Amino acid sequence: RINVRKITTSSQALDGLLGGGIETRTMTEFFGEFGSGKTQICHQLSVNVQLPPEKGGLSGKAVYIDTEGTFRWERIESMAKALGLDPDTVMNNILYMRAINTDHQIAISDDLQELIAKNPSIKLVIVDSVTSHFRAEYTGRENLAVRQQKLNRHLHQLTRLSEVYDIAIVVTNQVMARPDMFYGDPTVAVGGHTLYHVPGIRVQVKKSRGNKRIARMIDAPHLPEGEVVFAITEDGIRD
Ligand code: ADP
Ligand code: MG
Numbered sequence: 083r084i085n086v087r088k089i090t091t092s093s094q095a096l097d098g099l100l101g102g103g104i105e106t107r108t109m110t111e112f113f114g115e116f117g118s119g120k121t122q123i124c125h126q127l128s129v130n131v132q133l134p135p136e137k138g139g140l141s142g143k144a145v146y147i148d149t150e151g152t153f154r155w156e157r158i159e160s161m162a163k164a165l166g167l168d169p170d171t172v173m174n175n176i177l178y179m180r181a182i183n184t185d186h187q188i189a190i191s192d193d194l195q196e197l198i199a200k201n202p203s204i205k206l207v208i209v210d211s212v213t214s215h216f217r218a219e220y221t222g223r224e225n226l227a228v229r230q231q232k233l234n235r236h237l238h239q240l241t242r243l244s245e246v247y248d249i250a251i252v253v254t255n256q257v258m259a260r261p262d263m264f265y266g267d268p269t270v271a272v273g274g275h276t277l278y279h280v281p282g283i284r285v286q287v288k289k290s291r292g293n294k295r296i297a298r299m300i301d302a303p304h305l306p307e308g309e310v311v312f313a314i315t316e317d318g319i320r321d
């Protein structure tokens, strides 16, 4: 695909699954149960986007929109050091924002266009998690339609941004562990077709033995299906 650039995940296996890494001009969703490694991947990518192209980055900055309060500067520091980068510089190149509810999350997203237009070095926007506030605020069947409508608008806005400014968008989506998750209908596993109609790449992550995790590509139009194993270490995402 023309002009698409990639950001390495620091795992060759995961990069392989993604066709080389996280793509610009695309929204990539990582979904999976609690502790599957979604937030660690987000931390790693906000460091790695800063690497020069020859090392798998875009020499860019990251915007990190944290909805769950799980972002940790210490993790950024460890991951930066492990890559031989200056931790202070790396931390300065991550624009951290805490979204406290859906209205706030949408307001931040409304302001992103202006922020990115003013800061063309921003090459990655992370929303971790994109669904948690929506789920918490719109409970019950009667609110499901409104929730999906609002969430889809939000996701489409992010997708447009990725295309217009040639940036990578990474969102996470926590879903319940289900025995049929890997082999059943993946759209149902995401909990009511939430992100299904939004174009992009969807990767399911799952706990395995110890620090090992399994990542699985879900119906990407231009990538082969498959599963790979990666690890979460003190240094970050690795093989
Ligand atoms: P999710 O966002 O999918 O709920 P996380 O990305 O928060 O999951 O992953 C949490 C896991 O990451 C922990 O269970 C632990 O195994 C691993 N982890 C977190 N911090 C470290 C660290 N400093 N060193 C090694 N592993 C870590
Ligand atoms: Mg998380």
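Following full-length UniProt numbering from start to finish, the sequence shown increments by one per residue and tops out at 321. Cβ coordinates follow ideal geometry from the N, Cα and C atoms, glycine included. Just so you know, these numbers come straight off a predicted model, no measurement behind them.
Spatial distance of residue i from residue j (CA atoms)
i           : j      : result
Ala199      : Gly139 : 20 angstroms
Ile147      : Ala181 : 7 angstroms
Gly222      : His215 : 14 angstroms
Ser141      : Leu194 : 19 angstroms
Ala189      : Ser244 : 17 angstroms
Ala302      : Ile104 : 13 angstroms
Glu136      : Ile84  : 19 angstroms
Met258      : Glu115 : 5 angstroms
Ile89       : Pro134 : 10 angstroms
Ser203      : Ala218 : 33 angstroms
Arg107      : Lys205 : 10 angstroms
Ala164      : Asp317 : 6 angstroms
Leu96       : Arg157 : 20 angstroms
Phe112      : Ile283 : 9 angstroms
Leu99       : Lys289 : 17 angstroms
Leu177      : Val228 : 30 angstroms
Asn183      : Tyr220 : 11 angstroms
Ile314      : Asp185 : 33 angstroms
Phe234      : Ile251 : Reading the sequence as shown, one finds Asn at residue 234 and not Phe. Approximately 15 angstroms, taken between the alpha carbons.
Lys242      : Ile300 : Correcting the residue identity first, residue 242 is Arg in this sequence and not Lys. Going from the Cα of Arg242 to the Cα of Ile300 covers about 21 angstroms.
Asp248      : Asn130 : 17 angstroms
Thr91       : Glu224 : 39 angstroms
residue 354 : Ser128 : This structure does not reach residue 354, given that the chain is present from 83 up to 321, and the question cannot be answered.
Glu159      : Gly308 : 32 angstroms
Trp155      : Cys124 : 12 angstroms
Phe153      : Gly292 : 22 angstroms
Gly117      : Asn201 : 33 angstroms
Nearest-angstrom beta carbon gap, residue j and residue i [assumed within contact, 8 angstroms]
i      : j      : result
Val253 : Val285 : Actually they do not touch by this definition, with Cβ atoms about 11 angstroms apart.
Ser93  : Arg320 : 6 angstroms
Ser211 : Thr110 : About 14 angstroms; that fails the 8 angstroms criterion.
Gln122 : Leu167 : At roughly 17 angstroms, the Cβ-Cβ gap does not stay under 8 angstroms, so Gln122 and Leu167 are not in contact.
Pro305 : Gly101 : Per the sequence shown, the amino acid found at residue 305 is Leu instead of Pro. With 8 angstroms as the limit, Leu305 and Gly101 qualify as a contact, their Cβ atoms being about 5 angstroms apart.
Gly179 : Val145 : One detail in the question is off: residue 179 reads as Met in this sequence, not Gly. About 7 angstroms; that satisfies the 8 angstroms criterion.
Met161 : Gln187 : Not a contact, Cβ separation roughly 25 angstroms.
Lys294 : Val310 : Not really, about 11 angstroms apart at Cβ, beyond 8 angstroms.
Val280 : Leu237 : 4 angstroms
Gln239 : Ser191 : 6 angstroms
Three-state secondary structure (DSSP) of residue i
i           : result
Thr213      : coil
residue 383 : For residue 383 there is no data in the structure shown, the boundaries of the chain being 83 and 321.
Ile158      : helix
Val257      : coil
Ile84       : coil
Gln286      : strand
Gly98       : helix
Glu307      : coil
Glu224      : helix
Ser128      : helix
Glu105      : strand
Sheet register partners of residue i (DSSP bridge)
i      : result
Val252 : Thr110, Ile208
Asp148 : Arg180, Asp210
Phe312 : Arg295
Glu245 : BP columns for Glu245 are empty, so no partner.
Arg320 : Ala313
Ile190 : Partner(s): none; Ile190 has no beta bridge.
Ile89  : Ile104
Residues with C-beta closer than 5 angstroms to any heavy atom of ligand 4, in chain order = The model depicted lacks ligand 4 and carries ligand 1 and ligand 2 instead.
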